[in-house]
Amino acid sequence: WRLHWDHQLYKALGHQYQLGLEALHQLLPEIKVELVYRQQELQFRPLLEDIRVRYYREVRKFIVIPLNFKGVGDAAHASATIFPQLINTNASGFFTVFKRAEDLFLRLCQVREAFRPWLVLGDVDLEALVGEHC
């Protein structure tokens with residue numbers, strides 16, 4: 001009967017895992033990002049590379065959930081190998097996860113580019129400009 005329950009859990013976990021993959025970009029914890037002007041350059045704080053690392057670390061935590069799921073069956077039975085199969089079964093959903101992640105990073109870079117015209121004021125040597133015109 002434990003094997004039967006494991007198969008039922010497999011179906012339920014598989015369905016929730018698939019739904020989670022589809023909405024993962026909305027479910028992950030928020031990462032606070034600031035846009036700062038430093039060294040005459042517009043930069044993210046934390047750096048974009050660090051944001052990527054944190055984001056993909058959270059994605060990985062979700063993806064490996066089936067590896068840690070034990071079920072109710074004995075470890076010697078099929079339940080020890082049935083849940084990790086969810087990762088291979090849903091591998092096609094990973095493309096969507098990574099595509100949406102890259103879309104988010106692209107949108108983040110577009111926000112930075114939207115502020116780039118304002119940088120002209122930071123590049124001007126005000127003392128030289130005032131001395132020249134006043």
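With the working numbering applied, the sequence shown covers 1 to 134. By construction, the Cβ of each residue, glycine as well, lies at the ideal position given by its N, Cα and C atoms.
Practice task
Give me the Cα-Cα distance between residue 22 and residue 72, rounded to the nearest whole angstrom.
Solution key: Those two C-alpha atoms are separated by around 27 angstroms.
Exercise for the section: My understanding is that residue 18 touches residue 90, with C-beta atoms under 8 angstroms, so please give their C-beta distance in whole angstroms. Expected result: 6 angstroms
Practice task
Figure out for me which residue from 36, 118, 56, 10 has the closest Cα to the Cα of residue 29.
Solution key: Relative to residue 29, the option among 36, 118, 56, 10 whose CA is nearest is 56.
Practice task
Compute the Euclidean distance between the alpha carbons of residue 137 and residue 134, then round it to the nearest angstrom.
Solution key: Summary: the structure shown does not reach residue 137, with the chain confined to residues 1 through 134, and so no result is reported for it.
Exercise for the section: Label residue 66 either buried or exposed according to how many other C-beta atoms from any shown protein chain fall within 10 Å of its C-beta, with 16 as the threshold for buried. Expected result: By the Cβ-count criterion, residue 66 is buried, with 16 or more other Cβ atoms from all chains shown falling within 10 Å of its own Cβ.
Exercise for the section: Label residue 10 either buried or exposed according to how many other C-beta atoms from any shown protein chain fall within 10 Å of its C-beta, with 16 as the threshold for buried. Expected result: buried
Exercise for the section: State the Cα-Cα distance for the pair residue 39 and residue 112, rounded to the nearest angstrom. Expected result: 15 angstroms
Practice task
Output yes or no for whether 8 angstroms exceeds the beta carbon distance between residue 31 and residue 54.
Solution key: yes
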